[in-house]
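J.:
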Amino acid sequence: MAGALPRHLLPLTAQVGADGRLSVGGCDLVALAEEHGTPLFVYDETHLRERCREANAAFGGRATYASKAFLCRAMASLVHEEGLGIDVSTGGELHVALRAGVPAARLVMHGNNKSVDELRRALEIGVGRIVVDSDHELDRIERLVADEGLAPPRVLVRVTPGVEAHTHEYVMTGQDDSKFGFGLASGAATAAVRRARASAAVELVGVHAHIGSNIFLLSGFTKALEKLAPFLAEEGDLDELSIGGGLGVAYVEGEETPTFAEWAGVLHQAARDLGITTELHVEPGRSIAAAAAITLYSVGTIKDLPGIRTYVSVDGGMSDNPRPVLYGSGYEAFLPRAVEATRPRAATIVGKHCESGDVLVRDAHLPADVAVGDIVATPVTGAYGHSMASNYNKVPRPPVLFVRDGEARVVVRRETLDDLLALDA
1075 MAGALPRHLL PLTAQVGADG RLSVGGCDLV ALAEEHGTPL FVYDETHLRE RCREANAAFG
1135 GRATYASKAF LCRAMASLVH EEGLGIDVST GGELHVALRA GVPAARLVMH GNNKSVDELR
1195 RALEIGVGRI VVDSDHELDR IERLVADEGL APPRVLVRVT PGVEAHTHEY VMTGQDDSKF
1255 GFGLASGAAT AAVRRARASA AVELVGVHAH IGSNIFLLSG FTKALEKLAP FLAEEGDLDE
1315 LSIGGGLGVA YVEGEETPTF AEWAGVLHQA ARDLGITTEL HVEPGRSIAA AAAITLYSVG
1375 TIKDLPGIRT YVSVDGGMSD NPRPVLYGSG YEAFLPRAVE ATRPRAATIV GKHCESGDVL
1435 VRDAHLPADV AVGDIVATPV TGAYGHSMAS NYNKVPRPPV LFVRDGEARV VVRRETLDDL
1495 LALDA
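Read left to right, the sequence shown gives residues 1075 to 1499 (our numbering).
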């Protein structure tokens, strides 16, 4: 028998009423589901703002939000209001941030295969930083500056330090065998830094060395700094070192993750010990957005297979949360009408898609009285759910609500069936 859902997996303003129902941001979750329908993403705006403030405080104002975790105009505006820059990695993310009113100077442009059009747009508007990922990218920038008279951008050279972070192989980025950046061990990073320093088409300000995503062990970051220290000492005159993001998030019972303050403490101490004087920057994404949100679903079918398992089918699935399918990611589940109830009923929560692999929570635990029509929730879904959502089986994508002080506002509306036809020629 599983106990009640661990409270640390809920958003900051989560409260349980006398009737056992859960509210976030002063809004009852079951009532939100009844009003707005399901599936439904509900974000605690206070939680998002607090996490932004914690990151900026821990790193002295040198934190940039990794927008791939979750982005819409409201999120970009919120992050900017809280003093963080925004990391964008495509022309689409760049467009959303600009339309949200974020100044170009507050944006960092990433991507391992930036197109000429994306680079041209970045140079035209004067993005704050471009993280250069290849020699071909430097070629493109040099041609744009020379042929079109665009101002040289300020750049960071992305370095792969040769560190295999303790995380899923699909979200490891710092190992030698990576599509990202210039390898440190091969000498490619040294050559790239020297080329950028000598080029009149860019202004080199530093290096970038992101090692992966959802990392629980801070030792991975210190190993990256250990690899980078001799390189930084040899190259000199680099103002910035971005260690990227990747700080892990607790998704299930038993997981605990470091705070921003602990992360900053370890990084800064390691830098001091290694003689690194370059200014440290970070790019948290998941660790800001993930725990801020809960996804609400309606139970449509409960199917008991005696001696095998119980399937609880909901009205969403891999189209709104592909992480379990992509990475085998684990989640908890609970009923917002009885959040403190014990959860003795073992089940597998599945979606409505035409795939046996359409699993949201493989080993879920739910209250014994879960029934068709119930609202079931999965917490910690604020990162890489909505941002990776699809229209598989032509399922419209869910809306997003921000809740705060008893008010709920729609920041992304629910897609309609006609939206599914909007791009048909």
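We treat Cβ as the ideally placed atom computed from N, Cα and C, and that holds for glycine.
How many Å lie between Ile1382 and Ile1368 at the Cα?
T.: A straight-line Cα-Cα distance of about 29 Å links Ile1382 and Ile1368.
J.: Does the beta-carbon of Ser1189 have 16 or more other beta-carbons within 10 angstroms, so that it is buried, or is it exposed?
T.: exposed
J.: In chain order, what residues of the same chain have a beta carbon less than 8 Å from the beta carbon of Leu1497, not counting five sequence neighbours either side?
T.: none
J.: Residue range of the beta strand (DSSP E) that Tyr1139 falls in?
T.: Its beta strand (DSSP E) spans residues 1138-1140.
J.: In terms of residue numbering, what span does the alpha helix (DSSP H) encompassing Asp1501 cover?
T.: Within the shown structure, residues of the chain are numbered from 1075 to 1499, placing residue 1501 beyond reach of any answer.
J.: According to DSSP, is Thr1455 helix, strand or coil?
T.: Here Thr1455 sits in coil by DSSP.
J.: Alpha carbon to alpha carbon, what distance is there between Ser1430 and Phe1476?
T.: 32 Å
J.: Is it right to say Gly1320 is buried, meaning 16 or more other beta carbons lie within 10 angstroms of its own, or is it exposed?
T.: buried
J.: On the three-state DSSP scale, how would you describe His1355?
T.: His1355: strand per DSSP, three-state reduction.
J.: In its own chain, which residues sit with a C-beta less than 8 Å from the C-beta of Val1206, not counting the 5 before and 5 after it?
T.: Leu1212, Ile1215, Val1229, Leu1230, Val1231, Arg1232, Ala1266, Ala1270, Val1276
J.: Whose C-beta lies closer than 7 Å to the C-beta of Thr1247 among residues of the same chain, with five residues either side of it excluded?
T.: The pLDDT assigned to Thr1247 is 47, lower than 50, so where the model puts this residue is not dependable; a value taken from the coordinates is nonetheless given after this. Excluding residues within five positions, the ones whose Cβ falls inside 7 Å are Phe1254, His1284, Ile1285, Gly1286.
J.: Look at the alpha carbon of His1242 and the alpha carbon of Gly1094, and state the distance between them as a whole number of angstroms.
T.: The predicted position of His1242 is uncertain, since its pLDDT is 40 and thus under 50; a value taken from the coordinates is nonetheless stated next. Their backbone Cα atoms lie some 37 Å apart in a straight line.
J.: Give the secondary structure of Ser1361 by DSSP, where H, G and I count as helix, E and B as strand, and everything else as coil.
T.: Ser1361 falls in the helix class under three-state DSSP.
J.: Could you pull the start and end residues of the alpha helix (DSSP H) that Ile1215 belongs to?
T.: 1209-1222
J.: Quick one: using the 10 Å Cβ neighbour count with 16 as the cut-off for buried, is Glu1330 buried or exposed?
T.: By the neighbour-count rule (16 or more Cβ atoms within 10 Å), Glu1330 is not buried but exposed.
J.: Comparing C-alpha positions only, which one of Pro1080, Leu1299, Ala1365, Ala1345 sits nearest to Cys1126?
T.: Ala1365
J.: Return the residue from the list Val1219, Ala1140, Asp1432 that minimises the CA-CA distance to Tyr1466.
T.: Asp1432
J.: Hey, how far is the Cα of Gln1089 from the Cα of Ala1078?
T.: 14 Å
J.: Taking only three categories from DSSP, how would you classify Asp1498?
T.: coil
J.: Where does Thr1452 land, buried or exposed, given buried means 16+ other C-beta within 10 angstroms?
T.: buried
J.: What are the boundary residues of the alpha helix (DSSP H) that includes Gly1294?
T.: 1293-1309
J.: CB Leu1258 to CB Thr1296, shorter than 8 Å?
T.: no
J.: What is the DSSP secondary structure of Met1149, counted as helix, strand or coil?
T.: helix
J.: Among all the DSSP beta bridges, which residues are the ones paired with Gly1257?
T.: Thr1234
J.: State the beta-bridge partners of Tyr1405 as determined by DSSP.
T.: Bridge partners of Tyr1405: none, in fact.
J.: Tell me, which residues are paired with Ser1287 by DSSP?
T.: None, per the DSSP bridge assignment.
J.: What would DSSP say about His1110, mapped onto helix, strand or coil?
T.: helix
J.: Would you report the Cα separation of Thr1120 and Thr1264, rounded to the nearest angstrom?
T.: 43 Å
J.: Considering just the uninterrupted stretch of the alpha helix (DSSP H) at Thr1120, what are its terminal residues?
T.: 1119-1132
J.: Given 8 Å as the limit, is there contact between the segment 1108-1119 and the segment 1127-1139, that is, 3 or more CB pairs closer than that?
T.: Touching, no, given that fewer than three Cβ pairs across the two stretches are closer than 8 Å.
J.: In the DSSP assignment, find the unbroken alpha helix (DSSP H) run with Val1340 in it and report its ends.
T.: 1334-1348
J.: In terms of DSSP beta bridges, what is Cys1101 paired with?
T.: In DSSP, Cys1101 forms a bridge with Val1098.
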